[in-house]
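**Student:** Can you read through this structure? Questions will come right after.
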Amino acid sequence: MAQEEDLKSRLQELQKQLSKKQMFEESVSNIRSLLQQRYSSASPSLQELFYSVVCRVATVLKTRYTAPGFWNAGLGLFQEAEQVIKDAYKKKHLQSCITQAREQLGEIQNGSEELRETQNRINRGYLFEGHLTVDPEPPQPDWLVQSNFLSAAATLLHGESSGQLDSSNIMDGAVNILQGLVDGLDNIVPEILDIDSGVPRVPPASKEVVAKLPVTTVTEEILSKLGKDAACSICQENLVAGDQMQELPCKHMFHPPCLKPWLDEHNSCPICRHELKTDDHAYESWKEREKEAEEERKGAANAVRGGEYMYV
């Protein structure tokens, strides 16, 4: 019993040290070591504490530290935890942490490679008349891709009717063409539906607006106002002092790394759907027209209800 209390105190101390940047990697290493040695024999309550500390490491990585060394340390811990923890829900969460860590490390590496490529391109100088560029071709528009598939299908049909192709080649070619057409429909159909519906697809929030959203550091005073169960609604992690939270105009707050993927695809609050401004002028104009039309509809409804503007 005394050993469990000592281990509990040690884990709690290591969790506090995660907030100190210079001690983060060492603390993660110690947590991983304890996880290897003590998790399997620990009581259920202590195993829950282990999992809570590992989740805290994930939150700190997402909200504070972005250097590759920190993510490498976190990745090792997540992989170790995923091996020893048996609960299916927890394993799934840990697998998502592993995936995110690998993505972060991949983005850092890719960013370095892109920087080197840019520098090499600059060092090569300028392209003059008669020079050939080595840049990749731009992607073809969807309509051209579909047109090419239809042309290939027509060629295949002509070859079959004239007996120029054997049956196995015809079958393989037909399957490939049909698969390509089906894949292309996934891109074209949503655009057709948007045109027919008259309602434009909602674009993501304006990058300028998102960049100006205030970021607040959570203090003990803020925590006391929010309550002990306050959490980021996206990742469901409980807030602790020192967390950075991004606030939307509707006053709902989220971890910046949790909110970014949402605002990259949407223009509204994940909770109340309060909309932010977008960079799409056509969509903003449509919203203004809809707002004016709604006011006119309300005015007309009120006028009829009150008996005004009615002619006999």
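Counting in the working numbering, the sequence shown runs from 2 upward without gaps.
For glycine and all other residues, C-beta sits at the position ideal for the given N, C-alpha and C.
Since the structure is predicted, the reported quantities are computational estimates derived from the model, not experimental observations.
Our contact map puts A232 next to E238 with C-beta atoms below 8 Å; I'd like the distance itself, whole angstroms only.
**Tutor:** The pair is a contact, with the Cβ atoms about 6 Å apart (cut-off 8 Å).
**Student:** Across which residues does DSSP place E248 in a beta bridge pair?
**Tutor:** According to DSSP, E248 bridges with M254.
**Student:** Grab me the residues of L36's own chain with a C-beta within less than 7 Å of its C-beta, minus the 5 sequence neighbours each way, in chain order.
**Tutor:** So the list reads F51, E81, A82 and V85, once near-sequence residues are dropped.
**Student:** By how many angstroms is the C-alpha of E293 removed from the C-alpha of P271?
**Tutor:** Distance between the alpha carbons of P271 and E293: 26 Å.
**Student:** Taking 7 Å as the cut-off, decide whether the C-beta atoms of E14 and A74 are in contact.
**Tutor:** Contact: no.
**Student:** Applying the criterion that 16 or more other CB atoms from any shown protein chain within 10 Å of the CB defines a buried residue, is R298 buried or exposed?
**Tutor:** Counting Cβ neighbours within 10 Å, R298 comes out exposed, since fewer than 16 surround it.
**Student:** Grab me the residues of E5's own chain with a C-beta within less than 8 Å of its C-beta, minus the 5 sequence neighbours each way, in chain order.
**Tutor:** Contacts found: A43, S44 and L47.
**Student:** Would you list the one or two residues that DSSP bridges to E276?
**Tutor:** Paired residues: S269.
**Student:** Is the separation between the beta-carbon of V203 and that of N149 shorter than 7 Å?
**Tutor:** No, the Cβ-Cβ distance between V203 and N149 is not below 7 Å.
**Student:** Can you tell me whether V216 is buried or exposed? The criterion is at least 16 other CB atoms within 10 Å of its CB, across all chains shown.
**Tutor:** Flag for V216 reads exposed.
**Student:** Have a look at I235, K226, V241 and H253 and flag the residue whose alpha-carbon is nearest the alpha-carbon of L214.
**Tutor:** For L214, the nearest C-alpha among the options comes from H253.
**Student:** Please specify which runs of the alpha helix (DSSP H), each continuous and at least 4 residues long, are wholly inside the region 53-112, giving them in chain order.
**Tutor:** 69-85, all fully within the region 53-112.
**Student:** Between the beta-carbon of Q245 and the beta-carbon of L260, is there less than 7 Å?
**Tutor:** Not a contact, by the Cβ cut-off of 7 Å.
**Student:** Alpha carbon to alpha carbon, how far is L106 from L19? Give it in angstroms, no decimals.
**Tutor:** L19 and L106: Cα-Cα distance of roughly 20 Å.
**Student:** Have a look at A68, E291 and S34 and flag the residue whose alpha-carbon is nearest the alpha-carbon of R11.
**Tutor:** Closest option to R11, Cα to Cα, is S34.
**Student:** Does the beta-carbon of H282 have 16 or more other beta-carbons within 10 angstroms, so that it is buried, or is it exposed?
**Tutor:** With fewer than 16 Cβ atoms within 10 Å of its Cβ, H282 is classed as exposed.
**Student:** Since V216 sits in a beta bridge, which residues does DSSP pair it with?
**Tutor:** Q247, per the DSSP bridge assignment.
**Student:** Locate the alpha helix (DSSP H) running through N31, then write down its first and last residues.
**Tutor:** Residues F25 to R39.
**Student:** Can you tell me where the alpha helix (DSSP H) with R202 in it begins and where it stops?
**Tutor:** Run containing R202: none; DSSP gives neither H nor E here.
**Student:** Leaving out the 5 sequence neighbours to the left and right, which residues in its chain are closer than 7 Å to R274 when beta-carbon positions are compared?
**Tutor:** Excluding sequence neighbours, R274 sits near nothing in its chain.
**Student:** Just how far apart, CA to CA, sit T60 and K22?
**Tutor:** Those two C-alpha atoms are separated by around 14 Å.
**Student:** Return the chain-ordered list of same chain residues with a C-beta closer than 7 Å to the C-beta of G243, the five sequence neighbours on each side being excluded.
**Tutor:** Excluding positions up to five away in sequence, the list reads S20, T218 and V219.
**Student:** May I ask you to list the residues that DSSP assigns as paired with A206?
**Tutor:** Its beta-bridge partners are T279.
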